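**Student:** Residue numbers (the numbering used here), protein chains in the order written: chain Y, 5 to 315; chain C, 2 to 281. We treat Cβ as the ideally placed atom computed from N, Cα and C, and that holds for glycine. Note that the structure is predicted; figures quoted are calculated from it, not measured.
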């Protein structure tokens, strides 16, 4: 157990704010510790989503989670985007902002996906510079999430976890540790998920993400469309024992069920926080759970945060 | 010794493959991709997994890209999608629209902003109708994002003396747009919305107001006279000048004009089209 470097408070167990749950949340004010919101949904909207966000921010802590910072892109920092993000951050009083260690486009395009970067010295130097620019402009800690990836590059000269560790050391950003993404990438690339966790300085981990995924046999897709599988919960327990109190959030972006089901799934994390590691648990676990279906419409920016199971 | 490929080159290559609308083979061998990395170099730059080849691994991102593009456009343009059918709509979006107008925004909410001009510039037989239909659907989408403002109150209206009404200026809500269309796009959209049989596209001068009330967007056809009056008010004309302009074009009697004016004005106030008024 260790304090995070920025003394970011542990809000507890949060849920991603999704448009299908707006009415439920405004009517019932569920007893949720905090909400994470997809920044891009709220940056310029003056309609209902802005109204809902203001209402939610009055009652709950809010953390902004972006999908378009594209810190890994060889393009320069987009300060027009950052201006909007900073205004929103001030509005909801987020203690930090998070996004992903990835790129979403180059040459000013946005393919709206969380694309893998080559783990090279050139990438590291470039991203460290961008992260510093972002943090200086935002005047808040920046916390970057490890993404699920489906491809790796032969040009990489270091592992993903070593890259993330060095990035944090050299830029002073934090990490949003998505244990489902670690599990997905470990499956897709054949590495040991626990080695990833072991190599990250626990004091630099600011938050956890949990989510469901879809196993296609040849690979796993980070679909956010289901319950968290047991093996990912075990990874969460393993990681949590190293860090102690950190904000923990459940993401559910496709086939989103009723709010209470999502919230209940998030609260399962309590159980795993307080239990000791099962010494019999295998170090690398491959899932076999089939996804459950519950179709609901989703807001467009929510599409970005998931890899569709329709593939 | 690891091969070295500059970050920018690798990313331009990968993006060109992801965005290419053809097969995997066509995408990897496309001019844009090969300009960045020859096929063999690119193939060697992406590691295979124990179950997938480099081409299959990048194909996951390619499929996801086109799925996101089509899903996002389908949310904004259900009537255009109905016109084409799902398969052709998806083809137009992926093979033509996003090739010409790739997303350059932080949000997918902006992806469809060029759809009306895309149709105008196209060679599709019904392009003028489709431009109108896309204009209407885009207006509805944009309407959802406009700034929310408080509505004008009955007290404000009651506070205006009878002799002041000629110089009143009404301030419209931000979430209001007036459209002049040349086809029956509004009827087509109504049919899609009501899940009834859609009409055959025909030329038809149509006036539409798109507005929001209690965070819901509405659209409805206006008569030519309603459009003249409402567009005058929305553009900031004084109430008296707006009535004079309407009277010049009004086909009925003065009594009918007064009756219609009273009815329309009260209806627009009730629907929440105005947020404030000033008396000059």
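Can you find a C-beta in chain C that's less than 8 Å from the C-beta of residue 304/Y?
**Tutor:** Taking the first residue of the first chain as 1, we reach residue 304/Y at position 300. Closer than 8 Å: yes.
**Student:** Going along the chain, which residues of its own chain have a beta-carbon closer than 7 Å to the beta-carbon of residue 93/Y, five neighbours each way excluded?
**Tutor:** As a first step, residue 93/Y must be located in the first chain, where it is residue number 89. 68, 101, 142, 144, listed in sequence order.
**Student:** By Cβ distance below 7 Å, which residues in the same chain neighbour residue 229/C in space, the five residues on each side in sequence not counted?
**Tutor:** Taking the second chain and counting its residues from 1, the one referred to as residue 229/C is at position 228. Taken in chain order, the residues that qualify are 246, 247, 250.
**Student:** Of the residues that make up the region 148-180 of chain Y, which ones have a beta carbon closer than 7 Å to any beta carbon in chain C?
**Tutor:** Cβ contacts with chain C come from 154, 155, 156, 157, 158, 159, 161.
**Student:** Determine whether the Cβ of residue 77/Y lies closer than 8 Å to any Cβ atom of chain C.
**Tutor:** Taking the first chain and counting its residues from 1, one reaches residue 77/Y at position 73. Yes, contact with chain C.
**Student:** Mind checking if residue 289/Y is an interface residue toward chain C, Cβ cutoff 8 Å exclusive?
**Tutor:** Here the question's residue 289/Y lines up with position 285 in the first chain. The predicted position of residue 289/Y is uncertain, since its pLDDT is 36 and thus under 50; a value taken from the coordinates is nonetheless stated next. No, because no Cβ of chain C sits closer than 8 Å to the Cβ of residue 289/Y.
**Student:** Could you check which residue in 29/Y, 75/Y, 37/Y has the C-alpha nearest to that of residue 55/Y?
**Tutor:** Here residue 55/Y refers to the residue found at position 51 of the first chain. Per the Cα distances, 29/Y.
**Student:** Hey, residue 79/Y and residue 111/Y are a contact pair by Cβ (cut 8 Å); roughly how many whole angstroms apart?
**Tutor:** Counting from 1 along the first chain, the entry for residue 79/Y is found at position 75. Counting from 1 along the first chain, the entry for residue 111/Y is found at position 107. With 8 Å as the limit, residue 79/Y and residue 111/Y qualify as a contact, their Cβ atoms being about 7 Å apart.
**Student:** Once the 5 residues before and after residue 283/Y are set aside, which same chain residues still bring their CB inside 8 Å of it?
**Tutor:** Within the first chain, residue 283/Y is the residue found at index 279, counting from 1. Summary for residue 283/Y: the model assigns pLDDT 41, below 50, so the residue's position carries little reliability, and this model does not support an answer.
**Student:** In angstroms with no decimal places, state the Cα-to-Cα distance between residue 238/Y and residue 120/C.
**Tutor:** Locating residue 238/Y in the first chain gives position 234, counting from the first residue. Locating residue 120/C in the second chain gives position 119, counting from the first residue. In a straight line, the C-alpha of residue 238/Y is about 52 Å away from that of residue 120/C.
**Student:** Comparing the C-beta of residue 22/Y with each C-beta of chain C, is any distance below 8 Å?
**Tutor:** Along the first chain, one-based indexing puts residue 22/Y at 18. No, its Cβ sits nowhere closer than 8 Å to a Cβ of chain C.
**Student:** Would you report the Cα separation of residue 90/C and residue 82/C, rounded to the nearest angstrom?
**Tutor:** Here residue 90/C is taken as the residue at index 89 of the second chain, counted from 1. Here residue 82/C is taken as the residue at index 81 of the second chain, counted from 1. Cα to Cα, residue 90/C sits roughly 5 Å from residue 82/C.
**Student:** Between 306/Y, 223/Y, 274/Y, 204/Y, which has its C-alpha nearest residue 14/Y's C-alpha?
**Tutor:** Taking the first chain and counting its residues from 1, one reaches residue 14/Y at position 10. It is 274/Y whose Cα lies nearest to the Cα of residue 14/Y.
**Student:** Based on Cα-Cα distance, which residue from 107/C, 274/C, 207/C lies nearest to residue 174/C?
**Tutor:** Counting from 1 along the second chain, the entry for residue 174/C is found at position 173. Per the Cα distances, 274/C.
**Student:** Does any residue of chain A have a CB that is nearer than 8 Å to the CB of residue 127/C?
**Tutor:** No chain A appears in this structure, whose protein chains are Y and C.
**Student:** May I ask you to verify whether the region 149-157 of chain Y touches the region 143-152 of chain C, counting CB pairs closer than 8 Å and requiring at least 3?
**Tutor:** With the cut-off at 8 Å, the region 149-157 of chain Y and the region 143-152 of chain C do not touch.
**Student:** Going by CA-CA distance only, name the one from 156/C, 263/C, 257/C, 221/C that's closest to residue 194/C.
**Tutor:** As a position in the second chain, residue 194/C is number 193, starting the count at 1. Per the Cα distances, 221/C.
**Student:** I'd like the ranges of any beta strand (DSSP E) spanning at least 3 consecutive residues and lying wholly in the region 23-94 of chain Y.
**Tutor:** 38-42, 66-69, all fully within the region 23-94 of chain Y.
**Student:** Which of helix, strand or coil does DSSP assign to residue 234/Y?
**Tutor:** Counted from its first residue, the first chain places residue 234/Y at position 230. Helix, per DSSP.
**Student:** Take residue 234/C and list the residues in its own chain whose beta-carbon comes closer than 6 Å to its own, dropping the five residues that flank it on each side.
**Tutor:** As a position in the second chain, residue 234/C is number 233, starting the count at 1. Contacts found: 171, 243.
**Student:** With DSSP as the reference, please indicate the residues paired to residue 184/C in a beta bridge.
**Tutor:** Sequence index remark: in the second chain, residue 184/C carries index 183 (1-based). In DSSP, residue 184/C forms a bridge with 204/C.
**Student:** Can you list the residues of chain C that residue 44/Y reaches, using a CB-CB cut of under 7 Å?
**Tutor:** Translated into positions along the first chain, residue 44/Y becomes position 40. 107, 108, listed in chain order.
**Student:** Between the region 183-199 of chain Y and the region 213-230 of chain Y, do at least 3 Cβ pairs fall closer than 8 Å?
**Tutor:** The answer is yes - the region 213-230 of chain Y touches the region 183-199 of chain Y, with three or more Cβ pairs under 8 Å.
**Student:** Residue 18/Y: which of 260/Y, 306/Y, 256/Y sits nearest, CA to CA?
**Tutor:** Taking the first chain and counting its residues from 1, one reaches residue 18/Y at position 14. The residue with the shortest Cα to Cα distance from residue 18/Y is 256/Y.
**Student:** Counting only Cβ-Cβ distances shorter than 8 Å, please list the residues of the region 209-220 of chain C near chain Y, keeping chain order.
**Tutor:** Listed by position along the chain: 213, 216.
**Student:** Using beta carbons (cut-off 8 Å, strictly below), is residue 182/C in contact with chain Y?
**Tutor:** Here residue 182/C corresponds to residue number 181 of the second chain, with the count starting at 1. Chain Y, which has no Cβ nearer than 8 Å to the Cβ of residue 182/C, makes this no.
**Student:** Rounded to whole angstroms, what's the CA-CA distance from residue 6/Y to residue 193/Y? Just pull it up for me.
**Tutor:** Along the first chain, one-based indexing puts residue 6/Y at 2. Along the first chain, one-based indexing puts residue 193/Y at 189. Their backbone Cα atoms lie some 30 Å apart in a straight line.
**Student:** Just the chain Y side, please: which residues come within less than 8 Å of residue 47/C by C-beta, in chain order?
**Tutor:** Stepping through the second chain from its first residue, residue 47/C is reached at position 46. Simply 155, 156, 157, 158.
**Student:** Write down the C-beta distance between residue 212/Y and residue 253/Y rounded to the nearest angstrom, noting that I regard them as a contact closer than 8 Å.
**Tutor:** Along the first chain, read from residue 1 onward, the residue named residue 212/Y stands at position 208. Along the first chain, read from residue 1 onward, the residue named residue 253/Y stands at position 249. The Cβ separation is near 7 Å, so the contact holds.
**Student:** Using a Cβ cut-off of 7 Å, pull out every chain C residue sitting near residue 122/Y, in sequence order please.
**Tutor:** Your numbering for residue 122/Y matches position 118 in the first chain. By Cβ distance, chain C contributes 8, 11.
**Student:** Do you know how far the Cα of residue 130/C is from the Cα of residue 330/Y?
**Tutor:** In this structure chain Y extends from 5 to 315, so residue 330/Y is not present and cannot be described.
**Student:** Confirm, please, whether the CB-CB distance from residue 98/Y to residue 305/Y is below 8 Å.
**Tutor:** Your numbering for residue 305/Y matches position 301 in the first chain. Your numbering for residue 98/Y matches position 94 in the first chain. No; because the gap between Cβ atoms is not below 8 Å, this pair is not in contact.
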